[in-house]
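Undergrad: Mind looking over this structure? Questions follow.
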Amino acid sequence: NAGVMQNPRHLVRRRGQEARLRCSPMKGHSHVYWYRQLPEEGLKFMVYLQKENIIDESGMPKERFSAEFPKEGPSILRIQQVVRGDSAAYFCASSPPLAGGYNEQFFGPGTRLTVL
Amino acid sequence: GQQLNQSPQSMFIQEGEDVSMNCTSSSIFNTWLWYKQDPGEGPVLLIALYKAGELTSNGRLTAQFGITRKDSFLNISASIPSDVGIYFCGETSGSRLTFGEGTQLTVNP
Numbered sequence: 001n002a003g004v005m006q007n008p009r010h011l012v013r014r015r016g017q018e019a020r021l022r023c024s025p026m027k028g029h030s031h032v033y034w035y036r037q038l039p040e041e042g043l044k045f046m047v048y049l050q051k052e053n054i055i056d057e058s059g060m061p062k063e064r065f066s067a068e069f070p071k072e073g074p075s076i077l078r079i080q081q082v083v084r085g086d087s088a089a090y091f092c093a094s095s096p097p098l099a100g101g102y103n104e105q106f107f108g109p110g111t112r113l114t115v116l
Numbered sequence: 001g002q003q004l005n006q007s008p009q010s011m012f013i014q015e016g017e018d019v020s021m022n023c024t025s026s027s028i029f030n031t032w033l034w035y036k037q038d039p040g041e042g043p044v045l046l047i048a049l050y051k052a053g054e055l056t057s058n059g060r061l062t063a064q065f066g067i068t069r070k071d072s073f074l075n076i077s078a079s080i081p082s083d084v085g086i087y088f089c090g091e092t093s094g095s096r097l098t099f100g101e102g103t104q105l106t107v108n109p
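From first to last, the protein sequence lines stand for chains P and X. As numbered in the numbering used here, residues 1 to 116 make up the first sequence, in order. As numbered in the numbering used here, residues 1 to 109 make up the second sequence, in order.
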């Protein structure tokens, strides 16, 4: 059973370009979460999605950032007009349908975005 | 939002030593989680705690959920070089995870 897949693993963009980060959840998982980790810091929650629905986007910056999890295909985190401050590691996690209590979130290896 | 204070920020120990790290919060939590992050990888869950006072072990790792529900500690006994990494405490309120700032552990052979 493959784990959470993220690609690309490393992404370099110039200021003003767009960055697209992809995440394929574990098989059987219908919930996807995106987190951002700045250098020397912990992971910060960005958004929680189910298929075709954004459930909680309270951690997303109000501008330039968007996320989707379509019926078919991977979840996409999109950053428009990137700035140097967007340089970070972006992690995706997935979990099975919530059934009370805590459903473990399994993390992917991350995409390291560098903005020049 | 929730704020987790994790300490120490970093630790340098010799192989074979025991190590302890802890997290505190100003809020009461229902779940405490401990994750490890290896360089270049995503975090991996080590131990999950669900009840105040709960003490749980996973091999050489032991974690406890504080009685006040505002703190937790993680102990690693007889450390080995592969214990190197960043250890994060975390809590979950519903669906999102909130992480502490991490403890960077270095083990010298």
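Note that CB positions come from ideal geometry on N, CA and C, so glycine has one too. Predicted, not measured: the structure shown is a model, and the values here were computed from it.
1) Within 9 Å (strictly less), CB to CB, does VAL4 (chain P) reach chain X?
2) Nearest chain X C-beta to GLY42 (chain P) closer than 9 Å, yes or no?
3) Quick check on the burial criterion: 16 or more other C-beta atoms within 10 angstroms. Buried or exposed for ASP86 (chain P)?
4) Measuring only between beta-carbons, confirm whether GLN64 (chain X) sits less than 9 Å from chain P.
5) List, in order along the chain, the chain X residues whose C-beta lies closer than 7 Å to that of TYR48 (chain P)?
6) Could you tell me the alpha carbon to alpha carbon distance between GLN37 (chain X) and GLU72 (chain P), rounded to whole angstroms?
7) Tell me HIS10 (chain P)'s beta-bridge partners as DSSP assigns them.
8) Grouping DSSP H, G and I as helix and E and B as strand, with all else coil, what is ARG60 (chain X)?
9) Compute the beta-carbon to beta-carbon distance between MET26 (chain P) and SER75 (chain P), rounded to the nearest angstrom, for a pair I have assumed lies under 8 Å.
10) Please classify VAL82 (chain P): is it buried, with 16 or more other beta-carbons within 10 angstroms of its beta-carbon, or exposed?
11) Using the rule of at least 16 other Cβ atoms within 10 Å of the residue's Cβ for burial, across every protein chain shown, is SER26 (chain X) buried or exposed?
12) Verify whether the separation of the beta carbon atoms of GLN9 (chain X) and GLY102 (chain X) is less than 9 Å.
13) Ignoring anything shorter than 3 residues, give me the beta strand (DSSP E) runs that lie fully in the region 38 to 99 of chain X, in order along the chain.
14) Skipping 5 residues on each side, what residues in its chain have a beta carbon closer than 7 Å to that of GLU104 (chain P)?
15) Would PRO109 (chain X) count as contacting chain P if we go by Cβ distances under 9 Å?
16) What residues in the region 7 to 36 of chain X bring their beta carbon closer than 7 Å to a beta carbon of chain P?
17) Using a beta-carbon distance cut-off of less than 9 Å, what residues from the region 58 to 84 of chain X approach chain P?
18) Chain X beta carbons: is any one of them nearer than 9 Å to that of ASP86 (chain P)?
19) Distance cutoff 9 Å, beta carbons only. Does ALA48 (chain X) sit that close to anything in chain P?
TA: Inspection of the coordinates gives the following:
1) Working through the first sequence from its first residue, we reach residue 4 (chain P) at position 4. Output row for VAL4 (chain P): interface = yes.
2) Reading the first sequence from its first residue, position 42 is the one you call residue 42 (chain P). Closer than 9 Å to some Cβ of chain X, the Cβ of GLY42 (chain P) qualifies, so yes.
3) On the first sequence, position 86 is the one that residue 86 (chain P) refers to. Its Cβ being crowded by 16 or more others within 10 Å, ASP86 (chain P) is buried.
4) On the second sequence, position 64 is the one that residue 64 (chain X) refers to. GLN64 (chain X) does not count as touching chain P.
5) Sequence index remark: in the first sequence, residue 48 (chain P) carries index 48 (1-based). In chain order: SER95 and ARG96.
6) Taking the second sequence and counting its residues from 1, one reaches residue 37 (chain X) at position 37. Taking the first sequence and counting its residues from 1, one reaches residue 72 (chain P) at position 72. Distance between the alpha carbons of GLN37 (chain X) and GLU72 (chain P): 30 Å.
7) The residue you call residue 10 (chain P) lines up with position 10 of the first sequence. P:ARG112, per the DSSP bridge assignment.
8) Reading the second sequence from its first residue, position 60 is the one you call residue 60 (chain X). Reduced to three states, the DSSP call for ARG60 (chain X) is coil.
9) Mapped onto the first sequence, residue 26 (chain P) falls at position 26. Mapped onto the first sequence, residue 75 (chain P) falls at position 75. That pair is no contact at about 12 Å.
10) Residue 82 (chain P) sits at position 82 when you count from the first residue of the first sequence. VAL82 (chain P) is buried by the Cβ-count criterion.
11) Taking the second sequence and counting its residues from 1, one reaches residue 26 (chain X) at position 26. Exposed is the call here.
12) Position 9 of the second sequence, counted from the first residue, corresponds to residue 9 (chain X). Position 102 of the second sequence, counted from the first residue, corresponds to residue 102 (chain X). For GLN9 (chain X) and GLY102 (chain X), yes; Cβs fall inside 9 Å.
13) 43 to 49, 55 to 58, 61 to 65, 71 to 76, 85 to 93 and 96 to 99
14) Translated into positions along the first sequence, residue 104 (chain P) becomes position 104. Once the five neighbours on either side are set aside, the close Cβ partners of GLU104 (chain P) are SER95.
15) Counted from its first residue, the second sequence places residue 109 (chain X) at position 109. It does not; no Cβ of chain P falls within 9 Å.
16) THR31
17) none
18) For this step, residue 86 (chain P) is matched to residue 86 along the first sequence. Not closer than 9 Å to any Cβ of chain X, the Cβ of ASP86 (chain P) fails to qualify, so no.
19) Counted from its first residue, the second sequence places residue 48 (chain X) at position 48. Chain P contact via Cβ: present.
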